[in-house]
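Worksheet for the structure shown next.
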Amino acid sequence: MHMWKSLPKLSYTLGATNRGHRAFSVWLYGQGQTRQLHTFRAMMSPLKRQAEKPVSPSKNKKPKVVVPGYHLTPSRQDESGENVWPAPAEQVERAREIIKECAEAQKTTLILPDKDADGLSSGSILYHTLTTLGLDPSLISIYFPPKGSNVHDQLTADAISTLSPSYIFVLDQGSRKTPPLTTQPHKALVIDHHFAEEGGFPAGAGYVTAHDCPPVATSALLTYHICLPLHPDLSDKISWLCALGTHGDLGTTIKWQPPFPDMTATFKQHPKKAINDAVALVNAPRRSAAYNVSDAWDAVISASSPALISKNEKLHEASMEVRRETERCTHTPPKFSLDGSIALLTISSAAQIHPVIATRWSGHLKSNKLEIVMCANEGYLPDKVNFSCRIARIAKAREGAEKVDIIKKLESIVEGESDLRKRLGESFARGHKEASGGIVGKGEWEEFKKLMGIGEVEKKKAEEREAKKMEKDKKGGQKNTLANYFGKAQKAEKA
Numbered sequence: 001m002h003m004w005k006s007l008p009k010l011s012y013t014l015g016a017t018n019r020g021h022r023a024f025s026v027w028l029y030g031q032g033q034t035r036q037l038h039t040f041r042a043m044m045s046p047l048k049r050q051a052e053k054p055v056s057p058s059k060n061k062k063p064k065v066v067v068p069g070y071h072l073t074p075s076r077q078d079e080s081g082e083n084v085w086p087a088p089a090e091q092v093e094r095a096r097e098i099i100k101e102c103a104e105a106q107k108t109t110l111i112l113p114d115k116d117a118d119g120l121s122s123g124s125i126l127y128h129t130l131t132t133l134g135l136d137p138s139l140i141s142i143y144f145p146p147k148g149s150n151v152h153d154q155l156t157a158d159a160i161s162t163l164s165p166s167y168i169f170v171l172d173q174g175s176r177k178t179p180p181l182t183t184q185p186h187k188a189l190v191i192d193h194h195f196a197e198e199g200g201f202p203a204g205a206g207y208v209t210a211h212d213c214p215p216v217a218t219s220a221l222l223t224y225h226i227c228l229p230l231h232p233d234l235s236d237k238i239s240w241l242c243a244l245g246t247h248g249d250l251g252t253t254i255k256w257q258p259p260f261p262d263m264t265a266t267f268k269q270h271p272k273k274a275i276n277d278a279v280a281l282v283n284a285p286r287r288s289a290a291y292n293v294s295d296a297w298d299a300v301i302s303a304s305s306p307a308l309i310s311k312n313e314k315l316h317e318a319s320m321e322v323r324r325e326t327e328r329c330t331h332t333p334p335k336f337s338l339d340g341s342i343a344l345l346t347i348s349s350a351a352q353i354h355p356v357i358a359t360r361w362s363g364h365l366k367s368n369k370l371e372i373v374m375c376a377n378e379g380y381l382p383d384k385v386n387f388s389c390r391i392a393r394i395a396k397a398r399e400g401a402e403k404v405d406i407i408k409k410l411e412s413i414v415e416g417e418s419d420l421r422k423r424l425g426e427s428f429a430r431g432h433k434e435a436s437g438g439i440v441g442k443g444e445w446e447e448f449k450k451l452m453g454i455g456e457v458e459k460k461k462a463e464e465r466e467a468k469k470m471e472k473d474k475k476g477g478q479k480n481t482l483a484n485y486f487g488k489a490q491k492a493e494k495a
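One point on numbering: in UniProt numbering, the residue at position 261 of the sequence shown is 261, and numbering is uninterrupted.
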């Protein structure tokens with residue numbers, strides 16, 4: 001006989017009552033008897049029987065800021081109705097004459113390109129043009145001002161005098177109204193696209209500038225436009241350099257549509273990804289603490305394609321340093337001007353990362369009052385503050401009277417402060433209307449910050465919070481204390 005046949009059996013039932021309960025019962029069967037062991041009743045959840053509530057529509061989001069394509073910026077027109085682009089035709093023709101004359105003269109030549117991708121590309125385009133036209137490469141010298149200096153400093157003037165060139169080309173350096181670049185006999189040409197006042201060039205120099213011919217071309221694109229017709233063999237050498245410099249200044253998403261030249265063949269031979277990767281690497285040495293700009297120049301001038309630049313180990317090392325420093329400093333919280341139009345981030349780094357951080361934050365801050373994002377670097381040069389400004393993305397689409405001009409904005413802050421403006425110097429509010437900055441003394445910087453009202457908004461909010469706290473304390477402080485709670489509990493027990 002199997003023991004399991006004599007064991008009692010359990011049965012479970014699940015039902016519902018007429019009062020909206022669920023009933024769960026356990027029954028025991030065996031040895032000729034049936035017995036209910038347990039019954040459990042639970043109220044049915046009313047939520048189970050109700051129709052689902054309709055999902056409320058999401059709140060209306062702010063409309064997305066649509067920034068018009070850069071190439072769509074209306075161009076200037078001459079008396080005949082023709083577009084003036086990328087620079088006045090007479091300036092372009094004069095530049096071509098000087099370049100051809102230089103190649104034929106076979107005399108000492110000095111090229112002073114800027115340190116970024118645009119400047120290095122424009123310098124390389126000119127170098128390849130001169131050598132293709134027949135100038136002996138041994139006659140060409142390249143000079144980069146040291147960290148914290150520029151072509152208008154005495155250091156550069158001394159270097160030019162030492163080299164004693166017959167021809168001087170200054171590319172993408174920005175321009176000012178100054179005496180001649182050297183007192184020695186020479187012929188000079190400035191190729192640029194930065195803002196320049198009327199006559200804002202070295203005395204006696206020829207110049208071609210794109211700054212007042214929108215959409216403003218980069219220096220590399222302007223140099224390409226000047227040089228391309230000068231020799232049939234130039235296209236393969238300089239077209240990708242034009243793209244490299246243009247992407248370096250205008251960003252990697254720029255559309256190559258009129259009035260910009262058709263670069264379809266160039267991008268077929270040199271993919272945009274290769275060019276964009278090269279841009280980041282070429283820009284790295286000038287941002288590094290060591291400021292080895294010559295490493296970037298050597299990489300660009302010796303390369304026949306952007307893919308070769310991407311194999312340069314020195315550039316990769318500099319790029320790694322810049323990425324580390326950028327990540328370390330990029331989370332700095334901004335402070336705002338009293339009127340809310342300027343956001344300031346303050347960092348301290350020996351690397352030139354303040355333009356990168358200003359650019360990053362310009363796309364993140366969304367206040368409707370905001371116009372400019374500024375990053376100040378207090379550690380780049382001793383006793384100096386280097387700062388960079390970018391137009392906030394939310395303000396880029398503004399037109400007419402509301403269109404943001406950074407240079408005008410900076411100058412308006414010190415309007416009426418003639419002594420301070422003089423002490424801020426010639427390196428204040430330089431560059432472009434859309435991307436400006438400067439180098440100023442630390443004392444002057446603090447005065448400038450005070451004029452902007454930086455931190456006043458935060459200070460006012462902190463004072464308001466403190467006032468509310470003090471008011472609350474005056475009214476008796478917190479009423480929901482542990483002592484009150486246990487006191488109430490004891491009274492309840494007695495009751």
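From the three backbone atoms N, C-alpha and C, an ideal C-beta is built for every residue, glycine too.
From a predicted model like this one, the values you see are computed outputs, not experimental measurements.
V282 places its beta carbon 8 Å or farther from that of L241. Rounded to the nearest whole angstrom, the C-alpha separation of F169 and G206 is 10 Å.
With respect to S341, I372 sits close: the two C-beta atoms are nearer than 8 Å. In the structure shown, F336 adopts extended strand secondary structure according to DSSP, grouped into three states. By the C-beta criterion, the stretch 153-164 is judged not to be in contact with the stretch 87-100, since fewer than 3 inter-stretch pairs fall below 8 Å. If you check the CB distance, G437 and S337 do not come in under 8 Å. Taking E317 as the centre and dropping the five residues before and after it, the same chain places no C-beta closer than 6 Å to its C-beta. Here the C-alpha atom of L345 lies approximately 15 Å from the C-alpha atom of Y380. Shown here for A395: same chain residues with a beta carbon closer than 6 Å to its own, the five before and five after excluded, namely E371, V404 in chain order. Excluding the 5 residues flanking it on each side, K177 has same chain C-beta neighbours closer than 6 Å at G199, G200, in chain order. Per DSSP, the continuous alpha helix (DSSP H) segment holding D236 begins and ends at 235-250. Here T129 is buried: its Cβ has 16 or more other Cβ atoms, across all protein chains shown, within 10 Å. Distance from the CA of K273 to the CA of I125, rounded to the nearest whole angstrom, comes to 21 Å. Contact between the stretch 214-233 and the stretch 110-121 is present, with at least three C-beta pairs closer than 8 Å. Take A290, set aside five residues on each side of it, and no residue of its chain has a beta-carbon closer than 7 Å to its own. In the pairwise beta carbon analysis, the stretch 180-194 is classified as not touching the stretch 409-420: fewer than three pairs are separated by under 8 Å. It is roughly 28 Å from the alpha-carbon of L410 to the alpha-carbon of K64.
Collapsing the DSSP output to three states places P113 in a strand. Taking C-beta separations shorter than 6 Å and ignoring five residues to either side along the sequence, the partners of P179 in its chain run A203, following chain order. Ranked by Cα distance from Q173, the options S164, Y143, S166, P165 are led by Y143. In this structure, I275 is the residue among I275, A210, V190, T132 with its C-alpha nearest to the C-alpha of G245. Spanning the alpha carbons of K460 and I413 requires a straight line of approximately 21 Å.
One alpha carbon belongs to Y167, the other to G69, and they sit about 38 Å apart. Counting along the chain, Y167 sits inside the beta strand (DSSP E) bounded by residues 167-171. Within the stretch 179-211, the runs of beta strand (DSSP E) at least 3 residues long that lie entirely inside it are, in chain order, 187-192, 206-209. W361 is the residue among T131, W361, S304 whose C-alpha sits nearest the C-alpha of E327. Between V67 and R393 the beta-carbon gap is near 7 Å, inside 8 Å, which marks them as a contact. In the three-state reduction of the DSSP assignment, T346 falls in the strand class, which pools E and B.
Restricting attention to beta strand (DSSP E) runs no shorter than 3 residues, the stretch 90-159 encloses them at 109-113, 140-142, ordered along the chain. Per DSSP, the unbroken beta strand (DSSP E) holding G438 starts and ends at 435-441. Restricting attention to D114, L139, G134, the CA atom closest to the CA of S149 is found in D114.
Contact annotation, I140 with L171: C-beta distance approximately 13 Å; criterion of less than 8 Å not satisfied. If you draw a 10 Å sphere on the C-beta of D249, you find 16 or more other C-beta atoms in it, and that means buried. For Q352, the secondary structure class from DSSP, reduced to helix, strand or coil, is coil. Beta-bridge analysis with DSSP links Q257 to no other residue. In the DSSP assignment, C329 falls within the alpha helix (DSSP H) that extends over 313-329.
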